[in-house]
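Only one structure is covered here, and it is reproduced in the block below.
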Amino acid sequence: MEKLIERSKQGDCSAFSEVYSQYATEIYRFALYMMGNKEDAEDAVQEALLSAWRGIHSLKDNSLFKAWLFKILANKCKTLLMKRNKTPDALPVEEYEFLADYEADGSLISSAELKDALSTLTPPDAQIILLSIIGGFTSYELGVIYNMTPGAVRTRQKRALEKLKTILS
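Numbering (our numbering), first residue to last: 1 to 169.
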């Protein structure tokens, strides 16, 4: 991966495409969550990728490519939402296919219940939960995305998980 990122920095479009393909599903899911519909999510992803391609040379630590890309995407989503003067639409449950039913404390929780529970959190807290649990981001990577210390991310994550646990109990 490091070699592909280096090649991308040197202008190799196919290398950048290969790196992007590693994260394409996660990127789209995050954009869909942020934007609320497929069309806006696709616009946000496209704009974020263009910005990332143009700014790849500014990436200082290649190991943070994923966090760097998601930060660009999060900013593009926020910009597009403000430009369109709207907030994310409520997604139909079927759009949350990535929130598969799962078992917590011995009881099955449906993706619809989880979606409803996530909607009670502030947008940044819900995003932190989704990115950490579903996307596998570390608190350090999330700190890069949200301009927070890893400790602050863990604190927000802990509080959000406690709230979700109360709601889903």
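Glycine included, C-beta positions come from ideal geometry on N, C-alpha and C.
Computed from a predicted structure; not experimentally measured.
Original post:
Can the beta-carbon of residue 76 be found less than 8 angstroms from the beta-carbon of residue 58?
Top reply: no
Original post:
If you draw a straight line from the alpha carbon of residue 82 to that of residue 35, how long is it in whole angstroms?
Top reply: 11 angstroms
**OP:** Excluding the 5 residues preceding and the 5 following residue 14 in the sequence, name in chain order all residues of the same chain whose CB lies nearer than 8 angstroms to its CB.
**Re:** none
Subject >> Member of 156, 147, 169 whose CA lies at the smallest distance from the CA of residue 70 >> reply: 147
Original post:
Going by beta carbon distance, what residues of the same chain come within less than 6 angstroms of residue 207, once the five residues before and after it are set aside?
Top reply: There is simply no residue 207 to check, as the chain begins at 1 and stops at 169 in what is shown.
Original post:
Going by other Cβ atoms of all chains shown within 10 Å of its Cβ, with 16 needed for buried, is residue 33 buried or exposed?
Top reply: buried
Original post:
Using DSSP with H/G/I as helix, E/B as strand and the rest coil, what is residue 10?
Top reply: coil
**OP:** Could you check the C-alpha separation between residue 43 and residue 85 for me, to the nearest Å?
**Re:** 16 angstroms
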